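All remarks here apply to the structure that follows.
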Amino acid sequence: MVRALAFFMFLATLPATAQMLCGPRADVLTNLTEGHGEYSASMGLASNGAVIEVFVSAIDRDVGGRSFTIVMTRPDGLSCLMAAGNNWEDLLIRMNGT
């Protein structure tokens with residue numbers, strides 16, 4: 001929970017767009033990878049041209065399990081936090097039994 005609060009505080013210092021927490025893509029990625037140990041686990045292209053990415057931590061960082069963050073990046077490079085939390089599970093791996 002402290003991780004999520006720190007991330008929200010980081011994004012709150014950046015310019016906001018439409019009530020979402022947003023900032024330059026490079027800054028958001030640096031915060032996720034270096035600050036929280038998260039990596040891009042999956043991504044897709046939305047119909048509006050935005051890239052949607054799911055970042056997850058490689059290991060359990062605390063009692064809350066693996067953390068995750070869902071980020072939307074617009075074509076102009078502005079990245080916005082869509083959701084963040086804990087207890088991430090890789091369902092495909094779990095379903096395959098590996």
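Just so you know, we're using full-length UniProt numbering here: the sequence shown kicks off at 1 and counts up by one.
Just so you know, even glycine gets a beta-carbon here, dropped at the ideal spot from N, CA and C.
What you are looking at is a predicted structure, and each value in this text was computed from that prediction instead of being measured.
Unbroken alpha helix (DSSP H) run spanning residue i, endpoints
i, result
"Thr30", "Arg25 to Thr30"
Contact check, residue i vs residue j, beta carbons under 9 Å
i, j, result
"Ala50", "Ile70", "no"
"Gly64", "Asn31", "no"
"Thr73", "Glu53", "yes"
Boundaries (first-last residue) of the beta strand (DSSP E) holding residue i
i, result
"Glu38", "Glu38 to Leu45"
"Ser67", "Where Ser67 is concerned, there is no enclosing beta strand (DSSP E), given that its DSSP letter is neither H nor E."
"Met82", "Leu78 to Gly85"
"Glu89", "No beta strand (DSSP E) holds Glu89; DSSP gives it neither H nor E."
"Glu53", "Val51 to Ser57"
Distance between beta carbons of residue j and residue i, contact taken as under 8 Å
i, j, result
"Ser57", "Arg66", "5 Å"
Top-ranked residue by Cα proximity to residue i, from the options
i, options, result
"Leu92", "Ser42, Ile59, Asn48 and Met82", "Ser42"
"Asp90", "Gly77, Thr73, Arg74 and Ile59", "Ile59"
"Met20", "Asn86, Leu29 and Leu81", "Leu81"
"Glu38", "Phe55, Gly23 and Asp76", "Phe55"
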